[in-house]
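J.: Got a structure for you, questions after.
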Amino acid sequence: MTADVEPSWCAGRADDLVWVPFGDDVVVYHRPSGKTHFLNAVTALLLKEVLLEPKSSLEAAEELAARQASLAGSDFVAAVRASLEHLEHLGLVERA
Amino acid sequence: MTAVALSRRTIADIGEPEFAARLARQGLGVRIGPFDVKLRSGVRTIDSALHRLYRDYVLLDGDDQVFNIHLRIVSTRHWRRPHKRMVRLLVDGRAPHEDLPLDQALAVLEWGLNLAIALRSHSWLMLHSATVERHGGVLLLPAWPGSGKTTLCTALVFRGWRLFSDEFGLVEPLSGTVAPIPRPMALKNASIEVIRGFAPGAELGPTIPNTRKGTIAHVKAPTESIQSSSKSAAVRWIVFPRWSAGAEFACEEMPKLDAFTMLATNAFNYEMLGESAFIAVRRLVETARCFRLVYSELDRAVAFLNGLADSK
Numbered sequence: 238m239t240a241d242v243e244p245s246w247c248a249g250r251a252d253d254l255v256w257v258p259f260g261d262d263v264v265v266y267h268r269p270s271g272k273t274h275f276l277n278a279v280t281a282l283l284l285k286e287v288l289l290e291p292k293s294s295l296e297a298a299e300e301l302a303a304r305q306a307s308l309a310g311s312d313f314v315a316a317v318r319a320s321l322e323h324l325e326h327l328g329l330v331e332r333a
Numbered sequence: 014m015t016a017v018a019l020s021r022r023t024i025a026d027i028g029e030p031e032f033a034a035r036l037a038r039q040g041l042g043v044r045i046g047p048f049d050v051k052l053r054s055g056v057r058t059i060d061s062a063l064h065r066l067y068r069d070y071v072l073l074d075g076d077d078q079v080f081n082i083h084l085r086i087v088s089t090r091h092w093r094r095p096h097k098r099m100v101r102l103l104v105d106g107r108a109p110h111e112d113l114p115l116d117q118a119l120a121v122l123e124w125g126l127n128l129a130i131a132l133r134s135h136s137w138l139m140l141h142s143a144t145v146e147r148h149g150g151v152l153l154l155p156a157w158p159g160s161g162k163t164t165l166c167t168a169l170v171f172r173g174w175r176l177f178s179d180e181f182g183l184v185e186p187l188s189g190t191v192a193p194i195p196r197p198m199a200l201k202n203a204s205i206e207v208i209r210g211f212a213p214g215a216e217l218g219p220t221i222p223n224t225r226k227g228t229i230a231h232v233k234a235p236t237e238s239i240q241s242s243s244k245s246a247a248v249r250w251i252v253f254p255r256w257s258a259g260a261e262f263a264c265e266e267m268p269k270l271d272a273f274t275m276l277a278t279n280a281f282n283y284e285m286l287g288e289s290a291f292i293a294v295r296r297l298v299e300t301a302r303c304f305r306l307v308y309s310e311l312d313r314a315v316a317f318l319n320g321l322a323d324s325k
């Protein structure tokens with residue numbers, strides 16, 4: 238029996254995305270899928286800066302929280318993990 | 014060297030008898046905005062109305078003419094009730110939908126042209142939008158069916174705006190300009206009398222009851238709009254209109270993100286065009302002022318939009 242290994246995540250290729258900021262929110266075009274996504278500021282930060290290097294969901298949550306001068310509580314970490322899985326489904330992040 | 018004047022005969026120049034004969038036999042070539050269309054009709058009852066609605070369009074009668082769209086309607090009989098006369102639409106020789114009652118032939122032809130344009134126009138970002146122009150700036154009125162966009166569009170056209178289309182906004186993805194395709198405007202139900210009262214000079218075709226969209230009457234596109242249909246223009250205003258009975262007038266400038274979302278979901282071919290559509294929508298919402306409009310009184314909405322266009 239093996240323990241579950243927390244995966245590391247990183248953003249997809251920068252060239253795959255076309256960004257258009259509208260205030261705090263962002264519209265992003267994903268070239269490989271041809272889909273347009275509407276992102277809030279936190280998700281945009283995750284993709285554009287936090288996940289430039291591979292990180293676990295805990296590490297990503299902690300960095301996001303630090304950038305917003307807050308603490309990464311368990312709910313926040315779980316929300317980030319769920320977001321990462323959804324973003325993976327959309328092709329916007331990859332497992333490192 | 015002398016300049017060669019190109020023949021620009023219009024439908025009016027051939028008169029109704031020849032018009033009807035061409036429709037019935039070899040077909041009739043007509044330029045409608047950026048499209049060269051070959052029309053054939055085996056339904057004689059609409060010849061007169063068609064001639065009136067299309068009399069200002071350029072006639073294409075060269076032997077070597079290539080057409081973008083071949084549209085034909087033929088008279089048939091109901092398969093279970095042979096006494097019932099029906100009309101069949103053929104786009105490039107294929108029937109895209111079931112036959113409809115013969116007395117709806119004019120509406121079937123107009124819907125067929127809409128369908129053919131929607132299927133063919135993928136060199137443009139194709140918005141489901143009424144489109145008019147004033148002082149060189151285009152106003153897009155993107156809306157879902159039932160929002161009153163054709164009524165508002167028709168009213169604007171009779172208050173100084175140039176008609177581009179009551180149905181399509183054809184946006185050239187690279188330049189962001191819009192191509193005019195002025196055609197008869199299809200009023201529905203109560204809007205027919207509203208426009209008769211609002212614009213007594215409007216020239217309407219026959220009233221067609223009991224269609225799948227209710228009662229329909231087509232308003233002839235203004236001559237000047239047809240004659241200047243080669244002149245594209247850039248978008249200055251995007252207004253998402255919604256007519257609601259008894260509603261207080263309300264118009265507010267909207268966040269660009271909301272406008273982007275609504276425009277992208279309004280386009281017929283956004284996903285098909287991919288990144289060029291994304292860039293086109295971005296350009297539209299970044300360069301144009303974007304509004305939500307709710308109204309019940311046509312005069313009030315027209316006055317507001319005229320004021321918007323006429324302000325510095």
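Here the protein sequences come in this chain order: E and G.
To convert, take the position in the first sequence, counting from 1, and add 237; that gives my numbering.
To convert, take the position in the second sequence, counting from 1, and add 13; that gives my numbering.
C-beta atoms are modelled at their ideal positions from N, C-alpha and C, and glycine is treated no differently.
Leaving out five residues before and five after G:Ala16 in sequence, what residues of the same chain have Cβ atoms less than 6 Å from its Cβ?
T.: Low confidence applies here, because G:Ala16 scores a pLDDT of 44, under 50, leaving its location unreliable and the question unanswered by this model.
J.: Who are the near neighbours of G:Ser178 in its chain, counting only those whose CB is closer than 6 Å to its CB and skipping five residues on each side?
T.: Counting only Cβ-Cβ distances below 6 Å, and skipping sequence neighbours, we find Thr144, Ile194.
J.: Kindly say whether G:Arg305, judged by its beta-carbon, lies nearer than 8 Å to any beta-carbon of chain E.
T.: Output row for G:Arg305: interface = no.
J.: Please go through the stretch 253-285 of chain G and give each complete alpha helix (DSSP H) segment of 4 or more residues, from N-terminal end onward.
T.: Within the stretch 253-285 of chain G, the complete alpha helix (DSSP H) runs of at least 4 residues are 269-279.
J.: First and last residue of the beta strand (DSSP E) that includes G:Glu216?
T.: It is not in any beta strand (DSSP E) - G:Glu216 carries neither H nor E in the DSSP assignment.
J.: Is there a Cβ from chain G that is less than 8 Å from the Cβ of E:Asp252?
T.: No, E:Asp252 does not count as interfacial toward chain G.
J.: Is E:Gly310 close to chain G, meaning its C-beta is less than 8 Å from at least one C-beta of that chain?
T.: So no, E:Gly310 is outside the interface.
J.: Does any CB atom of chain G fall closer than 8 Å to the CB of E:Thr280?
T.: Judged by the 8 Å Cβ criterion, E:Thr280 is not in contact with chain G.
J.: Report the rounded CA-to-CA distance for G:Val191 versus E:Leu308, giving the unit in angstroms.
T.: Answer to the nearest angstrom: the Cα atoms are 50 Å apart.
J.: What first and last residue would you give for the alpha helix (DSSP H) that runs through G:Pro11?
T.: Any property of residue 11 of chain G remains undetermined from this structure, which presents chain G solely from 14 to 325.
J.: Compute the Euclidean distance between the alpha carbons of G:Ala131 and G:Phe181, then round it to the nearest angstrom.
T.: In a straight line, the C-alpha of G:Ala131 is about 9 Å away from that of G:Phe181.
J.: By Cβ distance, which residues of its chain are closer than 7 Å to G:Val315, with the 5 residues on each side in sequence left out?
T.: Contacts found: Ala168, Leu169, Arg172.
J.: Using a Cβ-Cβ cut-off of 8 Å, state whether G:Gly287 counts as contacting chain E.
T.: With 8 Å as the cut-off, G:Gly287 counts as an interface residue toward chain E.
J.: Helix, strand or coil, according to DSSP, for G:Val43 in the structure here?
T.: The answer is strand: DSSP assigns G:Val43 an E or B state.
J.: When you compare the stretch 220-235 of chain G with the stretch 19-38 of chain G, are there three or more beta-carbon pairs, one atom per stretch, that lie closer than 8 Å?
T.: The stretch 220-235 of chain G, when compared against the stretch 19-38 of chain G, does not touch it at the 8 Å Cβ threshold.
J.: On the three-state DSSP scale, how would you describe G:Phe171?
T.: G:Phe171 falls in the coil class under three-state DSSP.
J.: So, does the CB of E:Val255 fall closer than 8 Å to a CB anywhere in chain G?
T.: At least one chain G Cβ lies under 8 Å of E:Val255.
J.: Determine, using beta carbons only, whether G:His253 comes closer than 8 Å to chain E.
T.: Reading off the sequence shown, one finds Phe at residue 253 of chain G, where the question assumed His. No, G:Phe253 lies away from the interface with chain E (no Cβ there is under 8 Å from its Cβ).
J.: How long is the line joining the alpha carbons of G:Arg313 and G:Thr163, rounded to whole angstroms?
T.: The straight-line gap from Cα to Cα measures roughly 16 Å.
J.: Identify the contact partners of G:Leu270 in chain E, using a Cβ-Cβ distance below 8 Å as the criterion.
T.: Neighbours of G:Leu270 on chain E, chain order: Phe259, Gly260, Asp262, Val264, Phe275.
J.: Give every residue of the same chain whose Cβ lies closer than 7 Å to the Cβ of G:Asn202, excluding the five residues on either side of it in the sequence, and list them in chain order.
T.: Result list for G:Asn202: Gly227, Thr228, in chain order.
J.: What's the C-alpha gap between E:Asp253 and G:Ala293?
T.: One C-alpha to the other measures close to 18 Å.
J.: So E:Ala248 is in the beta strand (DSSP E); what residue range does that whole segment cover?
T.: From DSSP, the beta strand (DSSP E) with E:Ala248 extends over 246-248.
J.: Taking only beta carbons into account, state which residues of the stretch 272-286 of chain G come closer than 7 Å to chain E, listed in chain order.
T.: The residues in question are Phe273, Thr274, Ala277, Glu284.
J.: Just checking: is the beta-carbon of E:Gly249 within a distance shorter than 8 Å of some beta-carbon in chain G?
T.: It does not; no Cβ of chain G falls within 8 Å.
J.: Check for me: the beta strand (DSSP E) holding G:Leu183 runs from which residue to which?
T.: Per DSSP, G:Leu183 belongs to the beta strand (DSSP E) from 181-184.
J.: Does DSSP classify G:Thr15 as helix, strand or coil?
T.: Note that G:Thr15 scores 43 on pLDDT, short of 50, meaning its location in the model is unreliable; the coordinates nonetheless yield the value given after this. Three-state result, G:Thr15: coil.
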